[in-house]
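**Q** So for the sequence shown, our numbering puts the first residue at 13; every next one is plus one.
Beta carbons are placed, not taken as given, at the ideal position from N, Cα and C, and that holds for glycine.
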Amino acid sequence: MHSGIPLPDKVRHAAPKRQAEYLAGRLCAREALQALIGTPLVPDMAESRAPLWPSGTVGSITHSGDLAAALVAPATCYQGIGLDAERQLEPVRAERLAPQILTPDELRRMATLPASQQAHFVTVVFSLKESLFKALFPLVGVRFYFQDAQLADWNPDAQRATLRLNRALGERWPAGSLLSGQYAQLGRYVLSLVTIPG
Ligand SMILES: CC(C)(COP(=O)(O)OP(=O)(O)OC[C@H]1O[C@@H](n2cnc3c(N)ncnc32)[C@H](O)[C@@H]1OP(=O)(O)O)[C@@H](O)C(=O)NCCC(=O)NCCS
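Here you go:
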């Protein structure tokens, strides 16, 4: 393979699209690790599918459509980071997905928005929750779902949000724990980031 990036078994037998997105994400991760630690390492894949970052680093990978990105940071600064890109949802799809992605509180918040902004709101909350999952899962080892966290605060002008856990995820993360997120529009994608300080 030209990239020099080995494909794990799960990916080697997958469709070409999956192989391409895996490689795109790993290329981004390798660049990011080169910039951070000076060595172009490629994270392996855990059984859970989470990337296995080199000791002393944390990171996250995302890919969607024609976009792939990775972010890494020193583990002394962050316990975890989650990065996610979602293509902006079409209004009809956003309306269909909203009851799965949004909690009752979030549905009420969406209903206060002009109709023209509702699909963007669903996309942002979707992406933030995926980022939250990627940041927290490697720390807690427990899968959790869209109703298990919700927006506690949302500042669309600053493109920042605070997410609150609706259930405990181990002793260190009781229900009510708050986590910070931010997001940006990148062409037709929403890119979001959740960081858990060290
Ligand atoms: C894991 C998940 C978040 C990935 O998100 P996605 O939008 O499908 O896909 P993305 O392209 O953005 O991200 C995929 C990357 O996430 C990373 N990832 C996968 N599982 C992961 C995990 N358990 N922990 C951390 N990162 C993970 C991987 O790097 C993966 O890319 P790769 O397989 O090529 O290495 C998603 O598939 C999932 O399981 N969601 C349900 C759980 C959830 O979101 N709950 C919401 C809680 S509020």
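#1: Quick one, are the C-beta atoms of residue 147 and residue 72 less than 8 Å apart?
#2: Buried or exposed: which applies to residue 15, given that a residue is buried once 16 or more other Cβ atoms fall within 10 Å of its Cβ?
#3: Report yes or no: do three or more beta-carbon pairs, one from the segment 148 to 162 and one from the segment 96 to 103, lie closer than 8 Å?
#4: Considering only their Cβ atoms, is the gap separating residue 135 from residue 170 smaller than 8 Å?
#5: With DSSP as the reference, label residue 135 as helix, strand or coil.
#6: What does the Cβ neighbour count give for residue 38, buried or exposed, with the cut at 16 atoms within 10 Å?
#7: If you compare alpha carbons, which of 200, 186, 143 and 179 is closest to residue 83?
#8: Here's a check: name, in chain order, each residue in its chain whose Cβ is nearer than 7 Å to the Cβ of residue 18, leaving out the five neighbours to either side.
#9: In whole angstroms, what separates the C-alpha of residue 97 from that of residue 206?
#10: Taking the straight line between their C-alpha atoms, what separation do you get for residue 133 and residue 122?
#11: Would you list the one or two residues that DSSP bridges to residue 207?
#12: Please list, in chain order, all residues of the same chain as residue 181 whose beta carbon is under 7 Å from its beta carbon, the five residues on each side excluded.
#13: What does a CB cutoff of less than 7 Å around residue 177 pick up in its chain, not counting 5 residues either side in sequence?
#14: Could you check what DSSP says for residue 70 in three-state terms: helix, strand or coil?
#15: What do you get for residue 29, buried or exposed, if any count of 16 or more other CB atoms within 10 angstroms of its CB means buried?
#16: Is there at least one non-hydrogen atom of ligand 1 closer than 7 Å to the beta-carbon of residue 201?
#17: In whole angstroms, give me the CA-to-CA distance for residue 40 and residue 208.
**A** Let me lay it out:
#1: Using a Cβ distance threshold of 8 Å, residue 147 and residue 72 count as a contacting pair.
#2: Result: exposed.
#3: Touching, no, given that fewer than three Cβ pairs across the two stretches are closer than 8 Å.
#4: At the C-beta level, residue 170 and residue 135 stay beyond 8 Å of one another.
#5: In the three-state reduction of the DSSP assignment, residue 135 falls in the helix class, which pools H, G and I.
#6: Buried, because 16 or more other Cβ atoms sit within 10 Å of the Cβ of residue 38.
#7: Cα-wise, what sits closest to residue 83 is 143.
#8: Hits under 7 Å: none found.
#9: If you draw a straight line from the Cα of residue 97 to the Cα of residue 206, it comes to about 12 Å.
#10: Near 7 Å, if we compare the C-alpha coordinates of residue 122 and residue 133.
#11: In DSSP, residue 207 forms a bridge with 93 and 192.
#12: 148, 152, 154 and 156, listed in sequence order.
#13: Within the same chain, residue 177 has close Cβ partners 160, 161, 185, 187, 188 and 189.
#14: Strand.
#15: Flag for residue 29 reads exposed.
#16: Checking the Cβ of residue 201 against ligand 1 gives no.
#17: Going by the C-alpha atoms only, they are around 21 Å apart.
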